[in-house]
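Asks: Chains A and B are the protein sequences, given in the same order.
So the first sequence is residues 1 to 163, counted in this note's numbering.
So the second sequence is residues 1 to 163, counted in this note's numbering.
For glycine and all other residues, C-beta sits at the position ideal for the given N, C-alpha and C.
2 protein chains.
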Amino acid sequence: MGHSGGVANRDRNASVPLDAASKAIIEQLQEDGRRPYAAIGKAVGLSEAAVRQRVQKLLDQGVMQIVAVTDPLTVGFTRQAMVGIRVEGDIEPVADALAALDEVDYVVCTAGSFDLLAELVCEDDEHLLELINKRIRALPGVRSTESFVYLKLRKQTYTWGTR
Amino acid sequence: MGHSGGVANRDRNASVPLDAASKAIIEQLQEDGRRPYAAIGKAVGLSEAAVRQRVQKLLDQGVMQIVAVTDPLTVGFTRQAMVGIRVEGDIEPVADALAALDEVDYVVCTAGSFDLLAELVCEDDEHLLELINKRIRALPGVRSTESFVYLKLRKQTYTWGTR
DNA sequence: AAGATCGCGACGAAATCAGCAGCTTCCACG
DNA sequence: CGTGGAAGCTGCTGATTTCGTCGCGATCTT
Numbered sequence: 001m002g003h004s005g006g007v008a009n010r011d012r013n014a015s016v017p018l019d020a021a022s023k024a025i026i027e028q029l030q031e032d033g034r035r036p037y038a039a040i041g042k043a044v045g046l047s048e049a050a051v052r053q054r055v056q057k058l059l060d061q062g063v064m065q066i067v068a069v070t071d072p073l074t075v076g077f078t079r080q081a082m083v084g085i086r087v088e089g090d091i092e093p094v095a096d097a098l099a100a101l102d103e104v105d106y107v108v109c110t111a112g113s114f115d116l117l118a119e120l121v122c123e124d125d126e127h128l129l130e131l132i133n134k135r136i137r138a139l140p141g142v143r144s145t146e147s148f149v150y151l152k153l154r155k156q157t158y159t160w161g162t163r
Numbered sequence: 001m002g003h004s005g006g007v008a009n010r011d012r013n014a015s016v017p018l019d020a021a022s023k024a025i026i027e028q029l030q031e032d033g034r035r036p037y038a039a040i041g042k043a044v045g046l047s048e049a050a051v052r053q054r055v056q057k058l059l060d061q062g063v064m065q066i067v068a069v070t071d072p073l074t075v076g077f078t079r080q081a082m083v084g085i086r087v088e089g090d091i092e093p094v095a096d097a098l099a100a101l102d103e104v105d106y107v108v109c110t111a112g113s114f115d116l117l118a119e120l121v122c123e124d125d126e127h128l129l130e131l132i133n134k135r136i137r138a139l140p141g142v143r144s145t146e147s148f149v150y151l152k153l154r155k156q157t158y159t160w161g162t163r
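If you want it as structure tokens, here you go:
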């Protein structure tokens with residue numbers, strides 16, 4: 001796929017333990033992804049070089065990524081939806097197949113009345129319909145799906161900090 | 001709230017028309033939010049200053065934001081969930097109330113068997129339980145909720161490009 | 001048609017980044 | 001205990017990038 005790979009792709013469940021300094025660095029970059037290393041260093045009490053090394057390592061490890069995020073509705077994707085999926089048999093291969101689709105930007109395994117949730121980004125209704133009916137429901141192991149078409153995005157933040 | 005505000009907070013439904021150059025710039029920054037302006041300029045055929053001015057405008061307009069994103073599970077939030085909510089009466093005030101909660105990082109109005117979807121980020125089970133039972137279900141207008149606790153994040157990308 | 005506005009390219013000054021060497025700390029191991 | 005090694009931090013230097021500003025040309029405005 002043309003994607004550069006998202007968080008949790010490198011070490012799937014690595015659960016890298018983060019010390020206080022790295023968490024503080026992440027919080028700084030959650031506020032502004034382009035904040036200079038020196039400014040971050042001043043805020044967290046490290047030298048500029050140390051911050052740079054840590055940031056690079058966090059990126060390499062896949063713990064975080066620094067990217068531009070947009071509201072898809074404002075950049076030409078007029079239809080978005082969340083799809084709840086019930087699977088029979090192994091969930092993993094279905095999750096993998098979903099993750100391989102370019103229009104799917106988010107896949108999560110869940111407990112509850114769905115086994116998987118996937119967020120879809122489409123150009124129009126026709127595209128969305130084709131994706132759900134022809135490609136997602138056709139995946140082996142998919143028992144049923146339920147779609148929630150997005151009407152309005154109300155909140156989208158990335159600054160939840162760390163603990 | 002302590003949040004800096006997400007996409008679509010400034011001009012809610014602004015739908016700013018983006019020309020090809022701005023779209024190309026956004027795509028560059030979706031790959032790497034720290035890519036230098038000069039490199040972006042070379043890729044999209046503009047000068048460094050032009051890229052810089054356009055990026056600044058896109059940020060000011062709220063069309064995009066450049067931030068660090070992480071898998072919350074790796075930074076100390078052990079419990080995440082999506083909550084589907086059925087509302088009676090106006091949806092807007094409920095959406096506003098949800099958006100005001102710090103633990104809620106994502107709120108969207110949907111068509112389908114839920115009126116709203118909200119993503120929650122919590123520190124532990126107790127925190128999650130308290131949030132759903134005491135604060136979300138107690139909101140006026142909330143008829144019922146259904147929770148999907150996250151077991152494993154499989155894909156999370158922001159590089160869907162533009163159209 | 002003159003004037004105003006907007007976006008872009010150009011350029012210099014200042015800030016930032018990248019790589020490297022040296023130092024300290026902390027363990028593991030003999 | 002003492003030593004080797006790894007990891008992390010700092011300070012340094014040169015290269016790169018960012019930032020403010022200016023002038024130009026195209027497009028609108030009146």
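Extract the residue ranges of the beta strand (DSSP E) inside the region 76 to 163 of chain A, only unbroken runs of 3 or more that lie entirely within it.
Replies: Complete beta strand (DSSP E) runs here, min 3: 79 to 87, 104 to 111, 116 to 122, 142 to 156.
Asks: Considering only their Cβ atoms, is the gap separating B/A97 from B/Y150 smaller than 8 Å?
Replies: In this structure, B/A97 does not lie closer than 8 Å to B/Y150 by Cβ.
Asks: Let me confirm a value: A/D105 is counted as buried when at least 16 other C-beta atoms fall within 10 Å, else exposed. Which label applies?
Replies: When all chains shown are included, A/D105 counts as buried.
Asks: Nearest by alpha-carbon distance to A/V55: which of A/I85, A/V75, A/D71, A/K23 is it?
Replies: Cα-wise, what sits closest to A/V55 is A/K23.
Asks: Have a look at A/Q156, A/L128, A/E27, A/C122 and flag the residue whose alpha-carbon is nearest the alpha-carbon of B/L117.
Replies: Of the candidates A/Q156, A/L128, A/E27, A/C122, the one whose C-alpha sits nearest the C-alpha of B/L117 is A/Q156.
Asks: Helix, strand or coil, according to DSSP, for B/V16 in the structure here?
Replies: Note: B/V16 maps to coil in three-state DSSP.
Asks: Name, in chain order, the residues that DSSP records as bridge partners for B/A68.
Replies: A/I66, per the DSSP bridge assignment.
Asks: Within 8 Å, do at least three Cβ pairs link the region 42 to 58 of chain B to the region 69 to 86 of chain B?
Replies: The answer is no - the region 42 to 58 of chain B does not touch the region 69 to 86 of chain B, with fewer than three Cβ pairs under 8 Å.
Asks: So what does DSSP say about A/R35, is it helix, strand or coil?
Replies: Correct three-state label for A/R35: coil.
Asks: Is the beta carbon of B/G76 sitting closer than 8 Å to the one on A/T162?
Replies: Yes, they are a contact pair.
Asks: Sort B/A21, B/A49, B/M64, B/I40 by Cα distance to A/G33 and report the nearest one.
Replies: Of B/A21, B/A49, B/M64, B/I40, the residue nearest in Cα terms is B/M64.
Asks: Count the other C-beta atoms from every protein chain shown that fall within 10 angstroms of the C-beta of A/E126, then say buried if there are 16 or more, exposed otherwise.
Replies: Counting Cβ neighbours within 10 Å, A/E126 comes out exposed, since fewer than 16 surround it.
Asks: Determine the extent of the alpha helix (DSSP H) in which B/L58 is found, giving its start and end residues.
Replies: That run of the alpha helix (DSSP H) goes 48 to 61.
Asks: Check the C-beta distance from B/E88 over to B/R35 and give it rounded, since I have them as a contact under 8 Å.
Replies: With 8 Å as the limit, B/E88 and B/R35 do not qualify as a contact, their Cβ atoms being about 48 Å apart.
Asks: Taking only beta-carbon atoms, is B/A68 less than 8 Å away from chain A?
Replies: It does; some Cβ of chain A falls within 8 Å.
Asks: Roughly how many angstroms lie between the CA atoms of B/L18 and B/K134, to the nearest whole one?
Replies: When rounded, the distance between both Cα atoms is 43 Å.
Asks: Can you tell me the Cα-Cα spacing of B/V16 and A/D71, whole angstroms?
Replies: Each residue's alpha carbon lies about 11 Å from the other.
Asks: So, for B/L29: in the same chain, excluding its five sequence neighbours on each side, which residues have a beta-carbon less than 8 Å away from its beta-carbon?
Replies: Taken in chain order, the residues that qualify are R35, I40, V55, M64, I66.
Asks: Which of the three DSSP states, helix, strand or coil, is assigned to A/G41?
Replies: Of the three classes helix, strand and coil, the one that applies to A/G41 here is helix, per DSSP.
Asks: Taking the alpha carbon of A/E92 as the point to measure from, which residue in A/T145, A/P140, A/F148, A/R154 has its own alpha carbon closest?
Replies: It is A/P140.
Asks: Measuring CA to CA, which of B/F148, B/I26, B/L131, B/E130 is closest to A/T74?
Replies: Checking every option, the nearest Cα to that of A/T74 belongs to B/I26.
Asks: Suppose contacts are defined by Cβ-Cβ distances below 8 Å. Is A/E103 in contact with A/L120 by that definition?
Replies: In contact: A/E103 and A/L120 (Cβ atoms closer than 8 Å).
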